[in-house]
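Q: According to numbering that gives the first Met the number 0, the stretch in the sequence shown is residues 0 to 136, in order.
Here it is: the structure, laid out below.
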Amino acid sequence: MAIKQVSVFVENKKGKLVEVIEKLAKANINIQAMSIADSKDFGILRLIVSDNDKAVALLEEDTIVKTTDVIAVKMDDIEGALYKVLQTLDKADINVDYSYAFTVHKELDAYVVFRVDNIADAEKILADNGFTLLNNI
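See the structure below:
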C-alpha cells in the first residue's frame, strides 16, 4: 500500500532547514522519516509525516512542495535484509529511483543522522543539552 511523501525544495543556506522543521514542530506535525538530497543551491527534503495534508498546506506557503506516493517495506534489522528486498524488486524488473531508511523500536525511538561542518562542536552542544549520541550505527 502506497504512503504519501512530502518533498520540499529548501534553499541550501544556513537556517533554511530549521525554518521548515520549526513550522512542522509548531504545527504539531511529527516527522516519521526524513531524507535530504543536496545540490549547490537547493536541497530536496523528503518527509513522511503524521499529517500530510496539513504539512503540505503549511509548507507550500513559502516553498515548492510536492507529494509523491512511495512504499515502505518492513524488514528485519539484520545483515542481508535489504539485499533480499532489492533482489525481489530486481527480479521483478522494478527500478528503485531512490531510497532512505529509518528504524522503529518498541520504545518508539527515532534516530536521525546529520552531516555538519564541525562534528566536535555539534557533539558537544548536543550532549550538553541532554541529547544521547550514538557511538556507532
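Don't be surprised by glycine CBs; every beta carbon is placed ideally from N, CA and C.
Note that the coordinates shown come from a computational prediction; the quantities given were computed from them, not determined experimentally.
1) With 16 as the cutoff for other CB atoms within 10 Å, does glutamine 4 come out buried or exposed?
2) Between valine 48 and alanine 54, is the Cβ-Cβ spacing less than 8 Å?
3) What residues in its chain sit with their C-beta under 7 Å from that of valine 69, if we drop five residues either side in the sequence?
4) For lysine 73, which three-state DSSP category applies?
5) State buried or exposed for glycine 14, treating a residue as buried only when at least 16 other CB atoms are found within 10 Å of its CB.
6) Alpha carbon to alpha carbon, how far is leucine 88 from lysine 73?
7) Count the other CB atoms, across all protein chains shown, that sit within 10 Å of the CB of valine 95; report buried if there are 16 or more and exposed otherwise.
8) On the criterion of 16 or more Cβ atoms from any shown chain inside 10 Å, does valine 64 qualify as buried, or is it exposed?
A: The short version:
1) buried
2) yes
3) Ala1, Ile2 and Gln4
4) coil
5) exposed
6) 14 Å
7) exposed
8) buried
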